[in-house]
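So the sequence lines, in the order shown, correspond to chains S and C.
Residue 5 in the working numbering sits at position 5 of the first sequence; the count goes up by one each step and never skips.
Residue 188 in the working numbering sits at position 188 of the second sequence; the count goes up by one each step and never skips.
Yeah, the Cβ is synthetic: ideal placement off N, Cα and C, and Gly gets one too.
Structure record follows, encoded as structure tokens.
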Amino acid sequence: MWKRLLLIRGAELAALALLAAIPLMVDNSYVLGLLTLLAIYGILLIGLDVTVGYLGQVNLAQAAFLGLGAYAAGLCVANFDLGMLAALAAALVVGLIFGTLLAFPALRLEGPQFALATLSFSALSATVLNEWEGLTLGAQGLQVSRPPFLGMTLDAPEFFWLCLLLLALVWIAMRNLLSSQWGRAFEALRDSPIATDAMGVGTYRHKVAGFALASGLGGLAGGLYAFNFQYLQPQSFGWDLMVILLLGVVLGGRKSLWGALVGASLIALLPNLLSNRGLFQIFSAIGLLIALAAGGQGLLKKTTRPFQALAPVVAMGVLMVGSLIVENTEDWRKAIFALMLFSVVVGLPEGLMGFAARFLTKLFHIEPPRLPTPASLDTVLPKRTANGGALLELRGLERYFGGVKAVDGVSMTVRAGEIHGLIGPNGSGKSTAVNVISGLYVPTGGDMLLRGKPLPVGSLFKVARTGVARTFQNLQLFGELSALDNVMVALKDVYRSPLPLVLLGLARGEEKRARAAALALLELVGLGGQARSLAKDLTYGDQRFLEIARALARKPELLILDEPAAGLAHPDVNKLMEIIKRIHERGISIILIEHHMDVISELCGIVTVLDGGKIIAAGTAEQVKRDPKVIEAYLGVVDDPAGAAAPAQAG
Amino acid sequence: MYTLLIVQLAVSGALMGMVYALIAYGFQLTFATSKSINFGQGELVMLSAFFSLTLIDRGLPYWLVVPGGMLFGAVLGLFVERAAVRLSLEQKGEGWILLTIILGLLGFSAAENIWGRDDRPFPTPISSDPLHFFGIDVTPLELSVAIGVLAVMGLVELFKRKTLLGKAFEAVSADRDAAQLMGISATRTIQLSYGLSGLVAALAGILVAPITTVGPTMASVLILKAFSVAVVAGLDSGFGIVLVGLFLGALESLTSFYLGSGWREAPGLILLILALAVRPNGVFGKASIRKV
Numbered sequence: 001m002w003k004r005l006l007l008i009r010g011a012e013l014a015a016l017a018l019l020a021a022i023p024l025m026v027d028n029s030y031v032l033g034l035l036t037l038l039a040i041y042g043i044l045l046i047g048l049d050v051t052v053g054y055l056g057q058v059n060l061a062q063a064a065f066l067g068l069g070a071y072a073a074g075l076c077v078a079n080f081d082l083g084m085l086a087a088l089a090a091a092l093v094v095g096l097i098f099g100t101l102l103a104f105p106a107l108r109l110e111g112p113q114f115a116l117a118t119l120s121f122s123a124l125s126a127t128v129l130n131e132w133e134g135l136t137l138g139a140q141g142l143q144v145s146r147p148p149f150l151g152m153t154l155d156a157p158e159f160f161w162l163c164l165l166l167l168a169l170v171w172i173a174m175r176n177l178l179s180s181q182w183g184r185a186f187e188a189l190r191d192s193p194i195a196t197d198a199m200g201v202g203t204y205r206h207k208v209a210g211f212a213l214a215s216g217l218g219g220l221a222g223g224l225y226a227f228n229f230q231y232l233q234p235q236s237f238g239w240d241l242m243v244i245l246l247l248g249v250v251l252g253g254r255k256s257l258w259g260a261l262v263g264a265s266l267i268a269l270l271p272n273l274l275s276n277r278g279l280f281q282i283f284s285a286i287g288l289l290i291a292l293a294a295g296g297q298g299l300l301k302k303t304t305r306p307f308q309a310l311a312p313v314v315a316m317g318v319l320m321v322g323s324l325i326v327e328n329t330e331d332w333r334k335a336i337f338a339l340m341l342f343s344v345v346v347g348l349p350e351g352l353m354g355f356a357a358r359f360l361t362k363l364f365h366i367e368p369p370r371l372p373t374p375a376s377l378d379t380v381l382p383k384r385t386a387n388g389g390a391l392l393e394l395r396g397l398e399r400y401f402g403g404v405k406a407v408d409g410v411s412m413t414v415r416a417g418e419i420h421g422l423i424g425p426n427g428s429g430k431s432t433a434v435n436v437i438s439g440l441y442v443p444t445g446g447d448m449l450l451r452g453k454p455l456p457v458g459s460l461f462k463v464a465r466t467g468v469a470r471t472f473q474n475l476q477l478f479g480e481l482s483a484l485d486n487v488m489v490a491l492k493d494v495y496r497s498p499l500p501l502v503l504l505g506l507a508r509g510e511e512k513r514a515r516a517a518a519l520a521l522l523e524l525v526g527l528g529g530q531a532r533s534l535a536k537d538l539t540y541g542d543q544r545f546l547e548i549a550r551a552l553a554r555k556p557e558l559l560i561l562d563e564p565a566a567g568l569a570h571p572d573v574n575k576l577m578e579i580i581k582r583i584h585e586r587g588i589s590i591i592l593i594e595h596h597m598d599v600i601s602e603l604c605g606i607v608t609v610l611d612g613g614k615i616i617a618a619g620t621a622e623q624v625k626r627d628p629k630v631i632e633a634y635l636g637v638v639d640d641p642a643g644a645a646a647p648a649q650a651g
Numbered sequence: 001m002y003t004l005l006i007v008q009l010a011v012s013g014a015l016m017g018m019v020y021a022l023i024a025y026g027f028q029l030t031f032a033t034s035k036s037i038n039f040g041q042g043e044l045v046m047l048s049a050f051f052s053l054t055l056i057d058r059g060l061p062y063w064l065v066v067p068g069g070m071l072f073g074a075v076l077g078l079f080v081e082r083a084a085v086r087l088s089l090e091q092k093g094e095g096w097i098l099l100t101i102i103l104g105l106l107g108f109s110a111a112e113n114i115w116g117r118d119d120r121p122f123p124t125p126i127s128s129d130p131l132h133f134f135g136i137d138v139t140p141l142e143l144s145v146a147i148g149v150l151a152v153m154g155l156v157e158l159f160k161r162k163t164l165l166g167k168a169f170e171a172v173s174a175d176r177d178a179a180q181l182m183g184i185s186a187t188r189t190i191q192l193s194y195g196l197s198g199l200v201a202a203l204a205g206i207l208v209a210p211i212t213t214v215g216p217t218m219a220s221v222l223i224l225k226a227f228s229v230a231v232v233a234g235l236d237s238g239f240g241i242v243l244v245g246l247f248l249g250a251l252e253s254l255t256s257f258y259l260g261s262g263w264r265e266a267p268g269l270i271l272l273i274l275a276l277a278v279r280p281n282g283v284f285g286k287a288s289i290r291k292v
């Protein structure tokens, strides 16, 4: 535990001290310029990594935010005579504002659409910087003087130290943020936006916040950029730079502060690398060797596909041959970036630091942080006293898809404290009903009341906040998060610290409580020993149980289980029934959608049967099983109803 | 006279807009089968135009240059699919966004070094002497663009509807998994769609080159507008892109008249962002139902 902390913090401090000491040892303005650029790129890439790594979206606007921040800072100094600190704050704010503005339209977007929105934004900002000549002087460029910092004039080394200090502050703040609920929420909405909303976390504000933050850091870096170079031109912030920034993040390693720093060092040094032919030849030879080694290893262990192993070797081979043939490597700059990026994206998707982190963890035998003792279940999931009153009422609920009446006038009441079975043949409207109740679909007609009050319609997020939690028939776990984090991210009533406290690292107490509470829920479903496994690595059965634990983290009054036994092996079905009983003992009401009739018979006090979107029967499991309409729905018309077997395991 | 000038500007702009529509059509083809598009499509347009120019320099007649260039574009499209798209589709990821950008960059750099950084004229047998319609000038060159665009789109649509291979294409577009269960190879169909997409991109390059000249950057603004057209119309909107293409072309021509040519990209970009905000599926696209 201590060893881990010592090594990680020690490495951070050592890197900081080393960087800070270089200007004292070397008196060379060129080296100093490189170091300053490294610090600026570091801030910029940490921001970019929030969108590219944590939110998992290809963000093509970071270079534009750098430009906007740079121009904002430069113009503030030129027009309002602001000091450096105020100008930098202005740059940060401009980044935040434009980031938020862009985040709102880009909000609902995924993948290619998000990339396109950011791409258009950068093109648009380039147009404005070029054409608004009255303000920016357009293509002829803007001279910026370096303003005093708190009354002091900064020389090159002092300005570098300021950049480094800001990098360190950003590093600490982002480390705190990304290891908090915010970081988990970012990753959750990358893996499953639907589940993020259904767990009451809210994709909306987290996506806006994440993107705005990334853009704000871009703006801040822009301010420093302006005072470093003291001359701005719109075309410096175009497509070329954007590609270099992506290269930095991807090559350094996504979802890693160290990755951002390594990436920043590489892209700061890149121009030197390209201008020196001998150095470049050595570099491409190393690249080819890495590609050969990584590809060969992957092929031998069969962890990679042949394409993944071969393509980087081909790309690096082309680079190697090119470095020997081509006279002026500068001319081929873009192709060189392209080949390097291609090799890394295909062959080393986790980047250099992702690779190194695994290696170093093994080398130093660093153990993962110890888990706390689980909280007592009574504090996490207090026993509810169920009075048997009406909890959820549906009145004439309808949902049509075009001409298909998936739910066609369903009225039913779920009483507090009961396990209410909802069965019916495939396509009978069970899942649609659940999707309407939980807010994924807007009902076409009818009313839904929770404890007599209308349930919010058409918003997973709002319904989740009323005390209704659900699981998904097709698993919607946050695959790249650990089992523990999957539960922690959904935990209700724990995270109260406002953003500034989180950034300052003053929210560790609630983090600890959350971890203990989440562990208790994992133990409830029998996953206490798997807390650290990634959700995507769990067995199928365990994934189903994890979904239940995650829903319980909402501390729900009503839990909707959508076919929890689907695809489970027999022993797991028994385990599932045990879990459901334990949950029921805590006074939580449950709607259970199931095809396994034995599960329904054993657990449910009351069963409602749907067919063709309508209720065809309701009553106890025994009553329903004998109902001729139910038998007909499952098995078709029979001549002799008495002789027909009950649908033991229909579907 | 003033109205006539405005109409003249709008008509010339709209005819250029047909090229944007054609490139956008290339996005539609691959989006239909694989939900992916080539972010480096602009470089594909540009490389095909350069290749065709080389064919012309070698003395090939125009009627051979056009299919030659289109074939080259199709081959490039297939290369993009193999190198940048297939792996990430197999992994159900979105790595193709970055990878197609990267290949575009590679193509750009190659063109810079092979053919040079300067813009070069693209000779064509089609005349650019204006014809007069109701006081408006239209050159045969501009008309050839419109006719070429509509012809190739019509042919591809005919192919999709009338041939067995085309039906497979439609099947994979409708439901990839179901098509695979019916014995249609999704991989082959996606390959086909990238080939076709490259083909139409190449034709767009050949058609537009006599008007814009050929250079490494010839497509970098074209492609932004093609993105706008594709997104504003909707990536599954069919012929809706032609209408949006005409509209956007006219709009930007008028914008550059009123605000100056530096602002001509702005309306397309703003429309793109607005369309994404208000109607992510496009004006002519179908809203999809979220399923869990």
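Classification of residue i by the beta-carbon crowding that lies within 10 angstroms, buried from 16 upward
i	result
residue 200 of chain C	buried
residue 100 of chain C	buried
residue 420 of chain S	buried
residue 334 of chain S	buried
residue 555 of chain S	buried
residue 344 of chain S	buried
residue 408 of chain S	buried
residue 590 of chain S	buried
residue 178 of chain C	exposed
residue 171 of chain S	buried
residue 52 of chain S	buried
residue 139 of chain S	exposed
residue 495 of chain S	buried
Secondary structure of residue i, DSSP reduced to three states
i	result
residue 8 of chain S	helix
residue 419 of chain S	strand
residue 634 of chain S	helix
residue 122 of chain C	coil
residue 105 of chain S	helix
residue 23 of chain S	helix
residue 440 of chain S	coil
residue 596 of chain S	coil
residue 350 of chain S	coil
residue 271 of chain S	helix
residue 429 of chain S	coil
residue 412 of chain S	strand
residue 406 of chain S	strand
DSSP bridge partner residues for residue i (one or two, in chain order)
i	result
residue 608 of chain S	S:422, S:618
residue 245 of chain S	None; residue 245 of chain S has no bridge partner.
Q: Give a yes or no on contact between the stretch 170-188 of chain S and the stretch 64-75 of chain S, applying the rule of three or more CB pairs nearer than 8 Å.
A: As far as the Cβ criterion goes, the stretch 170-188 of chain S does not touch the stretch 64-75 of chain S, which means the pair count is below three.
Q | Segment contact, 8 Å Cβ cut-off, at least three pairs: the stretch 503-519 of chain S with the stretch 218-236 of chain S | A | no
Q: Would you check if the stretch 225-239 of chain C and the stretch 68-81 of chain C touch, i.e. whether three or more CB-CB distances between them fall below 8 Å?
A: no
Q: Kindly provide the ranges of any alpha helix (DSSP H) runs that are 4 or more residues long and lie completely inside the stretch 5-72 of chain C, ordered along the chain.
A: 41-57
Q) Any contact of the stretch 80-94 of chain C with the stretch 325-339 of chain S, i.e. 3+ C-beta pairs under 8 Å? A) no
Q.
Extract the residue ranges of the alpha helix (DSSP H) inside the stretch 152-235 of chain S, only unbroken runs of 4 or more that lie entirely within it.
A. Runs of the alpha helix (DSSP H) lying entirely within the stretch 152-235 of chain S and spanning at least 4 residues, in chain order: 156-178, 181-191, 193-198, 203-229.
Q: Taking 8 Å as the threshold, find out whether the stretch 265-272 of chain C comes into contact with the stretch 123-143 of chain S through three or more Cβ pairs.
A: yes
**Q.** Ordered list of alpha helix (DSSP H) runs contained in the stretch 40-117 of chain S, each at least 4 residues
**A.** As summarised for the stretch 40-117 of chain S, the continuous alpha helix (DSSP H) elements at least 4 residues long and confined to that stretch are 62-80, 84-106, given in chain order.
**Q.** Meets three-Cβ-pair contact criterion under 8 Å: the stretch 261-271 of chain S and the stretch 100-114 of chain S
**A.** no
(Q) Tell me whether the stretch 476-483 of chain S and the stretch 413-427 of chain S touch, counting them as touching only if at least three CB pairs, one residue from each stretch, are closer than 8 Å. (A) no
Q) What are the uninterrupted segments assigned as alpha helix (DSSP H) that are 4 or more residues long and contained completely in the stretch 122-206 of chain C, given in chain order? A) 140-162, 164-174, 176-181
(Q) Give the list of continuous beta strand (DSSP E) stretches no shorter than 3 residues that lie fully inside the stretch 330-403 of chain S. (A) 390-401
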